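All the letters of the sequence shown, read from the start, carry residue numbers 44 to 510 under this note's numbering. We put the beta carbon where it would ideally sit given N, CA and C, even for glycine. It should be emphasised that the depicted structure is a prediction, and the values quoted were computed from it without experimental measurement. A short worksheet on the structure shown next.
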Amino acid sequence: MFKKKKELPPYQLYDIIPSQQTMYLMVKYSFHKQLVQIPTSFTISKDVDFELLQKAFDIELQRNDSLRNKFVTVDKKIMQYFVPEISYQVPVKYFSSKEEQEAFFNADAQKPVLFLKDETYRIYFFKTEGVGCGIYTNFSHMVVDAMGIVGVYFDLLRVYRALSQGKEMPAPLDSYEEYVKEELARISDKKKMAKHEKWYKEYFLKGGEPYYAAVHGPAFLEAYRKKKKNPNLRVPAAYNPIYDKCETIVKHINPDDAKKIFEYCLEKKIAPESIFQLGLRTHCSSINSRINDVFMMTICSKRATKKEKNMSGCLAQPLQIRTIIPEDYTFAQALNEMVSVRTALYRHATYPYITARDLSRDIYDYNLIQGPACMMYSWIPLPVNLMADLPFTVDFKTYNLGRYFTPLYTITVPDTTDMGINMYYMYRVKLSTPEHIEALHENTVKVILAGIDNPEMTIGELLNSIS
Numbered sequence: 044m045f046k047k048k049k050e051l052p053p054y055q056l057y058d059i060i061p062s063q064q065t066m067y068l069m070v071k072y073s074f075h076k077q078l079v080q081i082p083t084s085f086t087i088s089k090d091v092d093f094e095l096l097q098k099a100f101d102i103e104l105q106r107n108d109s110l111r112n113k114f115v116t117v118d119k120k121i122m123q124y125f126v127p128e129i130s131y132q133v134p135v136k137y138f139s140s141k142e143e144q145e146a147f148f149n150a151d152a153q154k155p156v157l158f159l160k161d162e163t164y165r166i167y168f169f170k171t172e173g174v175g176c177g178i179y180t181n182f183s184h185m186v187v188d189a190m191g192i193v194g195v196y197f198d199l200l201r202v203y204r205a206l207s208q209g210k211e212m213p214a215p216l217d218s219y220e221e222y223v224k225e226e227l228a229r230i231s232d233k234k235k236m237a238k239h240e241k242w243y244k245e246y247f248l249k250g251g252e253p254y255y256a257a258v259h260g261p262a263f264l265e266a267y268r269k270k271k272k273n274p275n276l277r278v279p280a281a282y283n284p285i286y287d288k289c290e291t292i293v294k295h296i297n298p299d300d301a302k303k304i305f306e307y308c309l310e311k312k313i314a315p316e317s318i319f320q321l322g323l324r325t326h327c328s329s330i331n332s333r334i335n336d337v338f339m340m341t342i343c344s345k346r347a348t349k350k351e352k353n354m355s356g357c358l359a360q361p362l363q364i365r366t367i368i369p370e371d372y373t374f375a376q377a378l379n380e381m382v383s384v385r386t387a388l389y390r391h392a393t394y395p396y397i398t399a400r401d402l403s404r405d406i407y408d409y410n411l412i413q414g415p416a417c418m419m420y421s422w423i424p425l426p427v428n429l430m431a432d433l434p435f436t437v438d439f440k441t442y443n444l445g446r447y448f449t450p451l452y453t454i455t456v457p458d459t460t461d462m463g464i465n466m467y468y469m470y471r472v473k474l475s476t477p478e479h480i481e482a483l484h485e486n487t488v489k490v491i492l493a494g495i496d497n498p499e500m501t502i503g504e505l506l507n508s509i510s
C-alpha cells in the first residue's frame, strides 16, 4: 500500500529564519532533544485572580502572533506558519511550599517541548503558600527567545491590569509574522550577504586560528592533543552531543556591587554585558596560561528598532566574540576593545550564525563537534527600575535544561527582588566541576569591581590579582 501523503496546513508557509535555524540545529544533533526550550517563572508577592488572568491570556493569544506560530516538516524541511486563532486553557497549580514548586518546575524544565508535534509551549499559573502567585512557561526556542518571553510576561500583565481596572486595552505587540517576512527578504539580498561574508572572512583570519580557553582549564585540550598526536592543536572536540548533561549553579551579586556596576556602565554609556564578558574572559585567560586570545559566543537579541523591541518571537542568534587583549592594556582600554568587537559584530548581525560558523569551520578545517567558544553568554535586561516602585516584589527565574550544546551557558539577569544581579551557570558536567564555576564567578566579579575602582589597572595586574 502507498503511504498517505501528509496533508499540509491551509495557511501560508514560510521558511524558518536564521534565528530559528540556529535553534533547530541545536536539537537536530542532540541525542536527548531537550535543548530548544526556555523554562522560566515570573512570581509576584500578591494574590492573582486566575480566572481573570486566563481571560487576559485569551486576549494575549489574539494580539501576540508568536503564540500562534506552528511548524511542519515538508519534504524533510522545517517550515512554519501562523494560525489565526488558538485556544489554551492554562492549568493552575497550588503548592504548599517553595520547595514543592521548584521541584515541579525543575522536572518540567527538562521535558522536551515537542514543537514538531504541535506543542510550542507549556504554561502553568501557580500559587505557592507563603510566596505568592505567578506564571511558569516552558517555551520552544523556535517561537520565542528570552526577550520574547519577557515581552509575553509584560504584555500579559498589561492586559490583566486593563481588565482588572476596567480600562482600555494597551497597544498590542508588533507582528512577528511580518518580521519573518522581512527577515527572509533581508537574507535573500545576495549583494548585502556578500559584504557580510567578506567582513566575516577578514574577522576570522585576522588573528590566525583561535584558541579554546576553557572555563575548566587546558586539561581537556591537552588530552585531545595527545589523542590526535598533535601538540599544536588549539581547538578540541568539546561539543559532543552524547555528553551534554548539564547542571546549573546560581550565584548572586549583592545590590551594592550591582549598583556600582550599573552606574559605571551608565556613566561610560556601555551595555552591562560588555563588562561581564570582560570579567569572564579575564578569568578564562588566567587559567589557560594567561593567553590573550579568548573566544566566546553571546546571544544578540537583534532588537535594535522600536518595532523589534515591541515584539515577541524568536529574533536572537549567537555572535562569535573573539577578543585578543594584551596584558599592558588598561581595564578601560580592554573594555573599549570588547565594546568595539561587539559593535562590529552587531553591524553584521543580519548574517546568519550558521553560515558564519560554517565559514570559520571551512577556514580552519574543524569537524562537526570542534569549536573554539568557551561558553555561550546571555544578558536579560529586566526593567528593574520600573519594578522598584511596585507595591509587591517580582521574582524572575530560569531553570536548568538538563542538556546543552556548549561547555557552559552563562545567563546574567538583574534580580528584581533586591536589585542585585543573578548569574546562572549551566555547565556540562563532563567538562567542568562546581569548583570551576565557583572560581569563574568569584574572579569575574573581582575583576569587574577592581576595574571599576581603578580603570587604569592593566589586564596584567588584574590577572596577577586572581592567579
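Residues that DSSP places opposite residue i in a beta bridge
i      : result
Asp438 : Thr86
Cys176 : Ile87 and Lys170
Gln363 : Met340
Leu451 : Tyr470
Val133 : Val133 is not bridged to any residue.
Pro457 : Ile464
Arg165 : Asn181
Thr501 : Thr373
Arg446 : Lys288
Met419 : Met340 and Tyr452
Gln80  : Ser183
Phe138 : Thr171
Contact set for residue i: own chain, Cβ-Cβ below 6 Å, skip 5 residues either direction
i      : result
Thr487 : Gly322, Leu323 and His326
Glu316 : Trp422
Met44  : With a pLDDT of only 46 at Met44, under the threshold of 50, the placement of this residue in the model should not be trusted, and no figure is reported.
Ile59  : Ile121 and Gln123
Lys136 : Tyr167 and Phe169
Val382 : Ile313 and Ser317
N- and C-terminal bounds of the alpha helix (DSSP H) containing residue i
i      : result
Leu200 : Ala189 to Gln208
Tyr396 : Tyr396 to Tyr407
Asn486 : Pro477 to Asp496
Close-in-space but distant-in-sequence residues of the same chain around residue i (CB under 8 Å, 5 per side omitted)
i      : result
Tyr254 : Arg277, Val278, Asn331, Ile334, Asp336, Val337, Phe338 and Pro415
Sequence-distant residues of its chain with Cβ nearer than 7 Å to residue i (five each side left out)
i      : result
His184 : Met66, Val79, Gln80, Ile81 and Cys357
Tyr396 : Pro61, Thr65, Gln360 and Pro361
Pro298 : Asp461, Met462 and Gly463
Ser328 : Ala256, Ile334, Asn335, Val337 and Leu506
Limits of the unbroken beta strand (DSSP E) element including residue i
i      : result
Ile121 : Lys120 to Phe125
Asn112 : Asn112 to Val117
Backbone secondary structure at residue i - three-state DSSP
i      : result
Gln153 : coil
Tyr67  : helix
Asp101 : helix
Ile230 : helix
Tyr57  : strand
Lys241 : helix
Met44  : In this prediction, Met44 has a pLDDT of 46, which is less than 50 and means its spatial position is unreliable; what the coordinates show is noted afterwards. In this structure, Met44 counts as coil in the three-state DSSP scheme.
Ile509 : helix
Glu380 : helix
Glu225 : helix
Ala392 : coil
Tyr282 : coil
(message) Please give me, in chain order, every unbroken run of the alpha helix (DSSP H) with length at least 4 that falls completely inside the region 289-360.
(response) 298-311, 315-329 and 349-352
(message) My parser needs the alpha helix (DSSP H) runs of 4 or more residues fully inside the region 248-277; what are they?
(response) 262-271
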